[in-house]
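Peer 1: Below: one structure in structure tokens.
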Amino acid sequence: MRAGTTDHSFDPGILGRAAELGRLDRLLGAVDGGGPQVLVLSGEPGTGKSTLVDWAAEQGRARGLGILRVRGSEGEAGLGLSGVHQLLHPLLPGEGLPAGQREALDRAFGPEAAQYELKLDQLSLCVSVLGLITEAAARRPLLLLVDDAQWLDLGSVDVLAFLARRLEGRPVVLLLAAREDGVPARFDRVFPQITVGPLSRTAAGQLLDAQPDPPRGKARAEILQQAAGNPLALIELPRALARGRAGDMGAGGAGGATLPLTARLENLFAADLPGLPAPTRAALLLVAAAGPARLTDLIRAAPGLDLVSVLDPAERAGLVRVADGAVLLRHPLVRSAVYHAASFHERRQAHLALAAALAEEPDRRAWHLAAAATGQDAEVADALAESAERARGRGGYAAAATALERAAALTPAPELRARRLLTAAQAAMFAGHPQWVSELSGRVGRLTEDPRLRAEASLLGGWALGVTLRHEEALALLLGVAEATAASAPGLALGALSTAATSAYNSGAPHYRAELDRIGALIDSDGDPAARAWVRTVADPVHERPLLARHLADGMAALAQDESLGNLTALGGTTWILDETEQAVRVLGRTMDLLRRAGSAGTNATVTQALALALFESGSWTAAGEAADEAFWMATEAGADNVTVGADILRATLCALQGDPAAARTRAMRAVRGMDPRKSLSLRVRHRHAMGMAAFVAGDHVDAYEQLRATFTRDFRPAPVHYHASLYYLGDLAAAAVRAGRADDARTVVDAVEQDLRPDPSPRLAAVLHRATALLTDTDDAERHFRAALDDSATDCWPFEKALAHLDFGEWLRRRRRSAEARPHLSAALECFERLDARPWTERAAAELRAAGAATAPAAPAGELTPQERQIAELAAQGLTNRDIAARLYLSPRTVGYHLHKVFPKLGITARAQLRDALTQEDQG
Numbered sequence: 000m001r002a003g004t005t006d007h008s009f010d011p012g013i014l015g016r017a018a019e020l021g022r023l024d025r026l027l028g029a030v031d032g033g034g035p036q037v038l039v040l041s042g043e044p045g046t047g048k049s050t051l052v053d054w055a056a057e058q059g060r061a062r063g064l065g066i067l068r069v070r071g072s073e074g075e076a077g078l079g080l081s082g083v084h085q086l087l088h089p090l091l092p093g094e095g096l097p098a099g100q101r102e103a104l105d106r107a108f109g110p111e112a113a114q115y116e117l118k119l120d121q122l123s124l125c126v127s128v129l130g131l132i133t134e135a136a137a138r139r140p141l142l143l144l145v146d147d148a149q150w151l152d153l154g155s156v157d158v159l160a161f162l163a164r165r166l167e168g169r170p171v172v173l174l175l176a177a178r179e180d181g182v183p184a185r186f187d188r189v190f191p192q193i194t195v196g197p198l199s200r201t202a203a204g205q206l207l208d209a210q211p212d213p214p215r216g217k218a219r220a221e222i223l224q225q226a227a228g229n230p231l232a233l234i235e236l237p238r239a240l241a242r243g244r245a246g247d248m249g250a251g252g253a254g255g256a257t258l259p260l261t262a263r264l265e266n267l268f269a270a271d272l273p274g275l276p277a278p279t280r281a282a283l284l285l286v287a288a289a290g291p292a293r294l295t296d297l298i299r300a301a302p303g304l305d306l307v308s309v310l311d312p313a314e315r316a317g318l319v320r321v322a323d324g325a326v327l328l329r330h331p332l333v334r335s336a337v338y339h340a341a342s343f344h345e346r347r348q349a350h351l352a353l354a355a356a357l358a359e360e361p362d363r364r365a366w367h368l369a370a371a372a373t374g375q376d377a378e379v380a381d382a383l384a385e386s387a388e389r390a391r392g393r394g395g396y397a398a399a400a401t402a403l404e405r406a407a408a409l410t411p412a413p414e415l416r417a418r419r420l421l422t423a424a425q426a427a428m429f430a431g432h433p434q435w436v437s438e439l440s441g442r443v444g445r446l447t448e449d450p451r452l453r454a455e456a457s458l459l460g461g462w463a464l465g466v467t468l469r470h471e472e473a474l475a476l477l478l479g480v481a482e483a484t485a486a487s488a489p490g491l492a493l494g495a496l497s498t499a500a501t502s503a504y505n506s507g508a509p510h511y512r513a514e515l516d517r518i519g520a521l522i523d524s525d526g527d528p529a530a531r532a533w534v535r536t537v538a539d540p541v542h543e544r545p546l547l548a549r550h551l552a553d554g555m556a557a558l559a560q561d562e563s564l565g566n567l568t569a570l571g572g573t574t575w576i577l578d579e580t581e582q583a584v585r586v587l588g589r590t591m592d593l594l595r596r597a598g599s600a601g602t603n604a605t606v607t608q609a610l611a612l613a614l615f616e617s618g619s620w621t622a623a624g625e626a627a628d629e630a631f632w633m634a635t636e637a638g639a640d641n642v643t644v645g646a647d648i649l650r651a652t653l654c655a656l657q658g659d660p661a662a663a664r665t666r667a668m669r670a671v672r673g674m675d676p677r678k679s680l681s682l683r684v685r686h687r688h689a690m691g692m693a694a695f696v697a698g699d700h701v702d703a704y705e706q707l708r709a710t711f712t713r714d715f716r717p718a719p720v721h722y723h724a725s726l727y728y729l730g731d732l733a734a735a736a737v738r739a740g741r742a743d744d745a746r747t748v749v750d751a752v753e754q755d756l757r758p759d760p761s762p763r764l765a766a767v768l769h770r771a772t773a774l775l776t777d778t779d780d781a782e783r784h785f786r787a788a789l790d791d792s793a794t795d796c797w798p799f800e801k802a803l804a805h806l807d808f809g810e811w812l813r814r815r816r817r818s819a820e821a822r823p824h825l826s827a828a829l830e831c832f833e834r835l836d837a838r839p840w841t842e843r844a845a846a847e848l849r850a851a852g853a854a855t856a857p858a859a860p861a862g863e864l865t866p867q868e869r870q871i872a873e874l875a876a877q878g879l880t881n882r883d884i885a886a887r888l889y890l891s892p893r894t895v896g897y898h899l900h901k902v903f904p905k906l907g908i909t910a911r912a913q914l915r916d917a918l919t920q921e922d923q924g
């Protein structure tokens, strides 16, 4: 469960456990009184309970607490009082206790304890243990830690329960951890309990990627699926693969691939397997081979077994559950343990029996026949390929890719094998697995000399490289394909060039944009105007706007005739870059509708990030945050690093603009950790902007200026670091410059950019330039620029940028004693900032309005939180994200954000980090 990154403030090495760490933190605080002094942790094996117990021990030592610890042992479960002896050993023999209590302890734990076993008085012993703990705690507060409590002897459990019920008033806290089905009865309902569940999808992906040999491609997705959020499995399964222990991928369609387990995982999830009767193990193997199994299917596959009665020992052992006509294994890892405990012959016989029983279900039958195959088999390969086509028709791209990959392995003819691998790579792209795409497409070239197939495979490989931030390699491959096929296959060439344009934009290097123009001129094709518009726009989005507008119009006309995924994706990006933001939101929203219906998660992540950016710029910040969250977890699961980094930077920017600079800095730094920012200039400048705005909100205007200044070069004639993204930060650069005393330096940047953008910048860029110029102008000529930034109604669709100009102009007017003129501008700014929940600017605009003589609404008094608002505020104070809180309370993240929006002014705070103190003060009040 430990890794290098995290989403909470308690420990940078423990992932996805913000709520649990918050509860442990409060338990440690209760040593001084003021809260429950006992906490029970429960959960499945491998969920990280011991890691949390270790964390509590570290924190306890750091706070000066004495630590007494016991860990239950299966081998000592029959030894009376062995657990309490382990816990108390550092304190024995209890020299300071009264003689009677010392004697009771000596009878229980002394050298001759065995001869007193029948004479022990349980109450005397319990009272003596309590006395020993009380005496030790008088010298130093104590933290009692009990791990693996399910294996403690019953006598120890009785003593610990007696002790736990009598801690009040003593500087002692107790943490007890046990398996979910093994919490001792004495602790099961009496004390506060939290269940340590599976990690979230995002945290699971981060933990997996933090391993020494992180898996890539399909193996990564399979480990995430099979581990089902279990931290130990996420650590152990990559080790098994790294050691060369291959799983059975042939059974993938029959319930998912079964990965090899380490001995540690086998001991946790299948310890009871060897002791089961042979017929029960045979029935379990059928269940494991079948995947999600209907009881009727299993009965048909094993006509000679009374399956229900045969499975009874396994059900009693907790390995399976028979209910509602289905047989369910307790955890995916139980399936792997059962499956790999059998020989290949036994597994093959199970699959053949299931195939015979599923004669009327061709998809499942094909997978079982494939799992039973002993070599290449054209008939089975054809059946799997047909199954893949049916899966694609249902939008099941991952299933189709898996089936086609297995079909290719069973296909004798090399040329057909290559075609099936290529089709598998295309399906894997839509499923959202770039590393898998790279693996599949790379194998095509080794099977065929067909130039068309090799070029299509290279196109897919280039897409995978770009999505994983390897833009230079992607462009070398894609531009080569585009140039080589420009005359012979212009449609393929334009497709390669369109894919290359995405990496060219993210790279930002001028050489690649020049190559887009040069190679585009070689492609003799009038087809695909949407792709043409995208390529031309990426090459130069700020000059020749009339020409670009015609290309966009042609693309939109084509879209009206053919609303294909390719057209939508290309035009969504084109409209966004050309500052047709409202149109971009519509096109990208429509693209998302199609993608969701098709179930193509990979493209979803890329398009969702683009939609999040467009929503952010259009002033739909709540929707933008939700889209960024969605893009982040999809990209994290898929290994789409470009989106993972970009979505996290946008979330950091939102944190800064909504008044949480500390969280913004943490998130922004985490986003770029481990990447080379020189290879993606778009992400580099967006990261600088997020860091700059965090510093600006925190009041560190010098750092804010330096961060924003880094979005432009330090040349004699400054230029944008990224030819497009940097331009939109000029207004923020100028605002920081004025406060940092760097106006002269900023003026050189603005002047250079203004000259380069002539004669026809977009209305949005023109407004940004006017605002920057006004802020940096010392004369009354600033008024002309402020009015120019505000007068064009076309800029209304960028509300935050327009509100900033209103605020700056209102401040400028008020300082010139023109308060009556200032008030409308300040009011317009305040209304927008309040709607966006841009708290730092809300406070600034409200203060300016008061200074201009206008009345503003007073803050709502504290203490008016509704029960639901308080519940949400308390969870947020523990470090949970809106998505975590939503999952806990069965709400949507949007609803959680709405309630927090009301909580902040009620408590008189502006940052999430202030919640805990504000709630404490309210309680004391």
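Each residue of the sequence shown is one higher than the one before, starting from 0 at the first, in numbering that gives the first Met the number 0. Ideal Cβ placement from N, Cα and C applies to all residues, glycine included.
Near Ala622, what residues of its chain come up, given a Cβ to Cβ distance below 7 Å and the 5 sequence neighbours on each side ignored?
Peer 2: Within the sequence shown, residue 622 is the residue found at index 623, counting from 1. Closer than 7 Å at Cβ, skipping near neighbours: Leu614.
Peer 1: From the DSSP output, in three-state form, read off Ile908 for me.
Peer 2: Along the sequence shown, read from residue 1 onward, the residue named residue 908 stands at position 909. In the structure shown, Ile908 sits in coil (DSSP, three-state: anything other than H, G, I, E or B).
Peer 1: What's the C-alpha gap between Asp916 and Ile908?
Peer 2: Here residue 916 corresponds to residue number 917 of the sequence shown, with the count starting at 1. Here residue 908 corresponds to residue number 909 of the sequence shown, with the count starting at 1. Spanning the two alpha carbons is a distance of roughly 10 Å.
Peer 1: Report the three-state DSSP secondary structure of Ile13 (helix, strand or coil).
Peer 2: Position 14 of the sequence shown, counting from 1, holds the residue named residue 13. Strand.
Peer 1: Taking DSSP as the reference, what is the three-state secondary structure of Thr46?
Peer 2: Position 47 of the sequence shown holds residue 46. Correct three-state label for Thr46: coil.
Peer 1: Measure the alpha-carbon distance for Glu414 versus Asp305 and round it to whole angstroms.
Peer 2: Within the sequence shown, numbered from 1, the residue matching residue 414 stands at position 415. Within the sequence shown, numbered from 1, the residue matching residue 305 stands at position 306. Taking the straight line joining both Cα atoms gives about 48 Å.
Peer 1: Between Arg419 and His550, what straight-line distance do the alpha-carbon atoms span, to the nearest angstrom?
Peer 2: The residue labelled residue 419 in the question sits at position 420 within the sequence shown. The residue labelled residue 550 in the question sits at position 551 within the sequence shown. So the alpha carbons of these two residues sit roughly 36 Å apart.
Peer 1: Quick one: grab the DSSP three-state call for Ala325.
Peer 2: For the purposes of this step, residue 325 is identified with residue 326 of the sequence shown, where counting begins at 1. Of the three classes helix, strand and coil, the one that applies to Ala325 here is strand, per DSSP.
Peer 1: By alpha-carbon positions, which one of His723, Gly444 and Val128 ends up nearest to Val541?
Peer 2: Counted from its first residue, the sequence shown places residue 541 at position 542. If we check each option's Cα against that of Val541, His723 comes out closest.
Peer 1: Using a Cβ-Cβ cutoff of less than 6 Å, which residues in the same chain neighbour Gln149 once the five nearest sequence positions on both sides are dropped?
Peer 2: As a working mapping, residue 149 is identified with position 150 in the sequence shown. The residues are Ala177, Arg178 and Gly181.
Peer 1: Considering only the beta carbon of each residue, do Leu91 and Leu104 sit closer than 8 Å?
Peer 2: Your numbering for residue 91 matches position 92 in the sequence shown. Your numbering for residue 104 matches position 105 in the sequence shown. Closer than 8 Å, so yes.
Peer 1: Which one of Ala556, Thr880, Arg687 and Ala548 has the shortest CA to CA distance from Trp575?
Peer 2: Here residue 575 is taken as the residue at index 576 of the sequence shown, counted from 1. Per the Cα distances, Ala548.
Peer 1: Apart from the five residues just before and just after Val511, which ones in its own chain have a Cβ nearer than 6 Å to its Cβ?
Peer 2: Sequence index remark: in the sequence shown, residue 511 carries index 512 (1-based). Correcting the residue type first, residue 511 is Tyr in the shown sequence and not Val. Excluding positions up to five away in sequence, the list reads Leu474 and Ala503.
Peer 1: Using only CA atoms, which one of Leu756, Asp743 and Lys801 lies nearest to Arg770?
Peer 2: Position 771 of the sequence shown, counting from 1, holds the residue named residue 770. Nearest of Leu756, Asp743 and Lys801 to Arg770, Cα basis: Lys801.
Peer 1: Indicate whether at least one CB of chain D lies closer than 8 Å to the CB of Leu162.
Peer 2: Annotation note: the requested chain D is absent from the structure, which comprises a single protein chain.
Peer 1: How long is the line joining the alpha carbons of Asp120 and Leu78, rounded to whole angstroms?
Peer 2: Position 121 of the sequence shown, counted from the first residue, corresponds to residue 120. Position 79 of the sequence shown, counted from the first residue, corresponds to residue 78. Going by the C-alpha atoms only, they are around 17 Å apart.
Peer 1: If we ignore side chains and look at the alpha-carbon of each, how far apart do Arg315 and Leu264 end up?
Peer 2: Numbered from 1 along the sequence shown, position 316 holds the residue referred to as residue 315. Numbered from 1 along the sequence shown, position 265 holds the residue referred to as residue 264. The straight-line gap from Cα to Cα measures roughly 20 Å.
Peer 1: Which residue from Leu458, Pro489 and Leu297 puts its Cα closest to that of Thr498?
Peer 2: As a working note, residue 498 is residue 499 in the sequence shown. Per the Cα distances, Leu458.
Peer 1: Assign Gln560 to one of two classes, buried (16 or more other C-beta atoms within 10 Å of its C-beta) or exposed (fewer than that).
Peer 2: The residue labelled residue 560 in the question sits at position 561 within the sequence shown. By the neighbour-count rule (16 or more Cβ atoms within 10 Å), Gln560 is not buried but exposed.
Peer 1: Does DSSP classify Pro97 as helix, strand or coil?
Peer 2: Here residue 97 refers to the residue found at position 98 when the sequence shown is read from its first residue. Note: Pro97 maps to coil in three-state DSSP.
Peer 1: Taking the beta carbon of Ser761 as the centre, do at least 16 other beta carbons fall within 10 Å, making it buried, or is it exposed?
Peer 2: Stepping through the sequence shown from its first residue, residue 761 is reached at position 762. The residue is buried, with at least 16 neighbouring Cβ atoms inside 10 Å.
Peer 1: Run through the DSSP bridge pairs and tell me what Phe711 is partnered with.
Peer 2: Within the sequence shown, residue 711 is the residue found at index 712, counting from 1. Note: Phe711 sits in a beta bridge opposite Pro719.
Peer 1: Does DSSP put Asp777 in a helix, in a strand, or in coil?
Peer 2: Numbered from its first residue, the sequence shown carries residue 777 at position 778. Looking at Asp777 - three-state DSSP - the assignment turns out to be coil, as it is neither helix nor strand.
Peer 1: Identify the residues that DSSP records as bridge partners of Thr194: which are they?
Peer 2: Position 195 of the sequence shown, counted from the first residue, corresponds to residue 194. Answer is Ser41.
Peer 1: Just the Cα atoms here: how many angstroms apart are Leu14 and Leu879?
Peer 2: Taking the first residue of the sequence shown as 1, we reach residue 14 at position 15. Taking the first residue of the sequence shown as 1, we reach residue 879 at position 880. Each residue's Cα considered, the two are about 12 Å apart.
Peer 1: Measuring CB atoms only, is the region 52-70 touching the region 135-146, in the sense that at least three cross pairs come out at less than 8 Å?
Peer 2: yes
Peer 1: Going by DSSP in three states, Leu558 sits in which element: helix, strand or coil?
Peer 2: On the sequence shown, position 559 is the one that residue 558 refers to. It is helical.
Peer 1: How would you call Ala17, buried or exposed, if buried means at least 16 neighbouring beta carbons within 10 angstroms?
Peer 2: Counted from its first residue, the sequence shown places residue 17 at position 18. Counting of Cβ neighbours within 10 angstroms places Ala17 among the buried residues, the total reaching 16 or more.
Peer 1: Contact between the region 477-496 and the region 430-448 is defined here as three or more beta-carbon pairs at a separation below 8 Å; is this criterion met?
Peer 2: no
Peer 1: Run through the DSSP bridge pairs and tell me what Leu166 is partnered with.
Peer 2: Reading the sequence shown from its first residue, position 167 is the one you call residue 166. DSSP links Leu166 through a beta bridge to no other residue.
Peer 1: State the Cα-Cα distance for the pair Gln546 and Gly507, rounded to the nearest angstrom.
Peer 2: The residue you call residue 546 lines up with position 547 of the sequence shown. The residue you call residue 507 lines up with position 508 of the sequence shown. In the sequence under discussion, the amino acid at residue 546 is Leu, which differs from the Gln named in the question. Computed Cα separation, rounded: 22 Å.
Peer 1: Whose C-beta lies closer than 6 Å to the C-beta of Ala634 among residues of the same chain, with five residues either side of it excluded?
Peer 2: The sequence position of residue 634 within the sequence shown is 635, counting from 1. So the list reads Ala604, Val642 and Thr643, once near-sequence residues are dropped.
Peer 1: List the residues that DSSP assigns as beta-bridge partners of Asp527.
Peer 2: Residue numbering aside, residue 527 sits at position 528 when the sequence shown is read from its first letter. The partner list for Asp527 (beta bridge, DSSP) is empty, contrary to what the question assumes.
Peer 1: From the DSSP output, in three-state form, read off Leu564 for me.
Peer 2: As a working note, residue 564 is residue 565 in the sequence shown. Reduced to three states, the DSSP call for Leu564 is helix.
Peer 1: With a 10 Å radius around its C-beta and 16 neighbouring C-beta atoms as the bar for buried, classify Pro331 as buried or exposed.
Peer 2: For the purposes of this step, residue 331 is taken as the residue at position 332 of the sequence shown. Label assigned to Pro331: buried.
Peer 1: For Ser679, is the classification buried or exposed, using 16 other Cβ atoms within 10 angstroms of its Cβ as the cut-off for buried?
Peer 2: Here residue 679 refers to the residue found at position 680 of the sequence shown. Buried: at least 16 other Cβ atoms inside 10 Å.
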